[in-house]
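At the far end of the sequence shown sits residue 283, using the working numbering, and the numbering has no gaps.
Glycine is no exception: its CB is placed at the ideal position from the N, C-alpha and C atoms.
Working notes, structure below.
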Amino acid sequence: MEPIVIDALLTGPVRPLGDSGKTSAIGKQPAPGRLRLGLEGLDGDEQADRRHHGGPEKALHHYAREHYARWRGELGELPVLAAPGAFGENLSTVGMTEADVCVGDIFRAGGALIQVSQARQPCWKLNHRFGAPGMSARVQASGMTGWYYRVLEPGWLSPGDTLALQARPHPQWTLARVQDILNRRVLDAGILRTLAALPELSPNWRALFEKRARLGEVEDWKPRLEGEAGANR
Numbered sequence: 051m052e053p054i055v056i057d058a059l060l061t062g063p064v065r066p067l068g069d070s071g072k073t074s075a076i077g078k079q080p081a082p083g084r085l086r087l088g089l090e091g092l093d094g095d096e097q098a099d100r101r102h103h104g105g106p107e108k109a110l111h112h113y114a115r116e117h118y119a120r121w122r123g124e125l126g127e128l129p130v131l132a133a134p135g136a137f138g139e140n141l142s143t144v145g146m147t148e149a150d151v152c153v154g155d156i157f158r159a160g161g162a163l164i165q166v167s168q169a170r171q172p173c174w175k176l177n178h179r180f181g182a183p184g185m186s187a188r189v190q191a192s193g194m195t196g197w198y199y200r201v202l203e204p205g206w207l208s209p210g211d212t213l214a215l216q217a218r219p220h221p222q223w224t225l226a227r228v229q230d231i232l233n234r235r236v237l238d239a240g241i242l243r244t245l246a247a248l249p250e251l252s253p254n255w256r257a258l259f260e261k262r263a264r265l266g267e268v269e270d271w272k273p274r275l276e277g278e279a280g281a282n283r
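What follows is the structure, encoded as structure tokens:
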């Protein structure tokens, strides 16, 4: 994979989320200059619910800019799709998608070293972000979810820096393939156990796949996709 240019680096504060009555930091805005990337994310970036967002395994959220054209085709020219940040991403690029990125990929990003930990599981906040009921389910079904990194070496990161692949321990496990297991081939026990054993996969996802294999059933997606009464996620 050739180095990929970071076209936008984005952060955001916690603020009210539309008419949901909840708060969120999903509304990210481009940073004009370089930012320090620590083990839990970029300086100045926030998350409203640290149980489900942020932390070492979700230090950076990356979303492929090329997906925006398809969303505009499906949803129209929504203002939220006019610039990077619609999906709460911290990194925006053109040239790599879920089909190109694998579990455990390590990238040199500016002065930092980062590793792919998991794809994103969309939550109900996207419904309010886009003013479209069911948006979170549409994003999940599309596979255009984006993905997360853990930070192996903190450092400075700037718009215009590149992502350069350093190591690929699991070339057979693209994020697109993992999402196929996560969302469609949901109870293939052998593959679930294989994924649960990948040390580079985030602990939460390893536990999820192990539980599915052990119980032979899929977790309830409705609270995540539609929200729970009183939940501030």
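Going along the chain, which unbroken runs of the beta strand (DSSP E) with 3 or more residues stay wholly within the segment 152-186? Annotation: the segment 152-186 contains the following complete segments of the beta strand (DSSP E) (minimum length 3 residues), in chain order: 156-159 and 162-169.
Can you give the beta carbon distance from L213 to F157, rounded, assuming they're within the 8 Å contact cut? With 8 Å as the limit, L213 and F157 qualify as a contact, their Cβ atoms being about 5 Å apart.
Environment of E139 [buried if 16+ CB atoms lie within 10 Å]: Classification for E139: buried.
Three-state secondary structure (DSSP) at R86? Three-state result, R86: strand.
Taking contact to mean 3 or more Cβ pairs, one atom from each stretch, closer than 8 Å, check whether the segment 118-135 and the segment 163-177 are in contact. The segment 118-135, when compared against the segment 163-177, does not touch it at the 8 Å Cβ threshold.
Does the distance from the C-beta atom of P219 to that of G154 stay below 8 Å? Closer than 8 Å, so yes.
Status (buried if at least 16 other CB within 10 Å, exposed otherwise) for P209: Burial is judged here by how many other beta carbons sit within 10 angstroms of a residue's own beta carbon; P209 has at least 16 and is buried.
Distance between N254 and L194 (C-alpha atoms, nearest Å): It is worth fixing the name first, because residue 194 is Met in this sequence and not Leu. Computed Cα separation, rounded: 20 Å.
Does any residue of chain C bring its CB to less than 8 Å from the CB of Q216? This model lacks chain C altogether; it includes just one protein chain.
Given that a residue counts as buried once 16 or more other Cβ atoms are within 10 Å of its Cβ, and exposed if not, what is R170? That one is buried.
Give the single residue among H112, G68 and W271 whose Cα lies nearest to the Cα of S167. Distance check between S167 and each of H112, G68 and W271 places H112 closest, using alpha-carbon atoms only.
Does DSSP put V55 in a helix, a strand or coil? Reduced to three states, the DSSP call for V55 is strand.
If I follow the unbroken alpha helix (DSSP H) through R200, where does it start and stop? Following the DSSP letters along the chain, one finds R200 in no alpha helix (DSSP H) but inside the beta strand (DSSP E) bounded by residues W197 to E203.
Given this structure, state the Cα-to-Cα distance separating I76 from P221, to the nearest angstrom. About 31 Å.
Check G30 in the structure and name its three-state DSSP category. Lying outside 51 to 283, the shown extent of the chain, residue 30 is not represented and no answer is given.
Please report the straight-line C-alpha distance between Q4 and N233, rounded to a whole angstrom. The chain is shown only over 51 to 283; residue 4 falls outside these bounds and no answer can be derived.
Using only CA atoms, which one of P172, M51, D93 and R115 lies nearest to P273? The residue with the shortest Cα to Cα distance from P273 is P172.
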